[in-house]
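The opening position of the sequence shown corresponds to residue 15 in our numbering, with each subsequent residue numbered one higher. For each residue, glycine too, the CB sits at the ideal point set by N, CA and C. Shown next, in structure tokens, is the structure this report addresses.
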Amino acid sequence: MPGNPFTLDDLKTVLRQAAGTDESVDLDGDIIDTSFDDLGYESLALLETAGRIERHHGISLDEDALGAAQTPRELIDLVNTHLPAA
């Protein structure tokens with residue numbers, strides 16, 4: 015929602031909706047600095063995730079910056095820089 019920061023819980027929800035979860039990965043664990051590769055998410059899954067985030071929040075994420083976001087923390091920070099201030 016505009017004005018509210020995008021959180022790890024928000025990202026987990028979108029990841030599950032967009033790409034599902036690998037049975038060997040516990041998204042409820044400490045994943046904030048775990049690479050998306052280690053979490054089982056490849057570039058297509060992340061593009062779908064980004065698309066859902068963009069549509070829901072009415073923002074546009076730069077593809078280069080999105081590609082550089084290798085961990086949940088980096089993606090969350092990227093999203094939050096594009097959200098309108100409260």
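Close-in-space but distant-in-sequence residues of the same chain around residue i (CB under 7 angstroms, 5 per side omitted)
{"i": "Ala64", "result": "Leu75, Leu80"}
{"i": "Ile45", "result": "Leu53, Pro86"}
{"i": "Lys26", "result": "Leu41"}
Where residue i sits in the DSSP three-state scheme
{"i": "Ala59", "result": "helix"}
{"i": "Gln84", "result": "coil"}
{"i": "Val93", "result": "helix"}
{"i": "Leu41", "result": "coil"}
{"i": "Leu75", "result": "coil"}
{"i": "Asp47", "result": "coil"}
{"i": "Gly65", "result": "helix"}
Under 8 angstroms between C-beta atoms of residue i and residue j
{"i": "Ala32", "j": "Arg69", "result": "no"}
Among the options, the one whose alpha carbon lies nearest that of residue i
{"i": "Ala99", "options": "His71, Leu89, Glu88, Glu77", "result": "His71"}
{"i": "Tyr55", "options": "Glu77, Gly43, Gln84", "result": "Gln84"}
{"i": "Ser57", "options": "Glu77, Ile90, Asp23", "result": "Glu77"}
{"i": "Gly34", "options": "Glu62, Asp47, Thr48", "result": "Glu62"}
{"i": "Val28", "options": "Asp91, Leu60, Leu92", "result": "Leu60"}
Cβ shell of residue i (< 8 angstroms), same chain only, five flanking positions each side left out
{"i": "Arg30", "result": "Leu41"}
{"i": "Ala82", "result": "Glu88"}
{"i": "His96", "result": "His71, Ile73, Ser74, Leu75"}
6 angstroms Cβ shell around residue i - same chain, five flanking residues per side excluded
{"i": "Asn94", "result": "Pro19, Phe20"}
Heavy atom of the ligand COA within 7 angstroms of residue i beta-carbon
{"i": "Ala99", "result": "As far as ligands go, the structure on display features none, and thus does not contain the ligand COA."}
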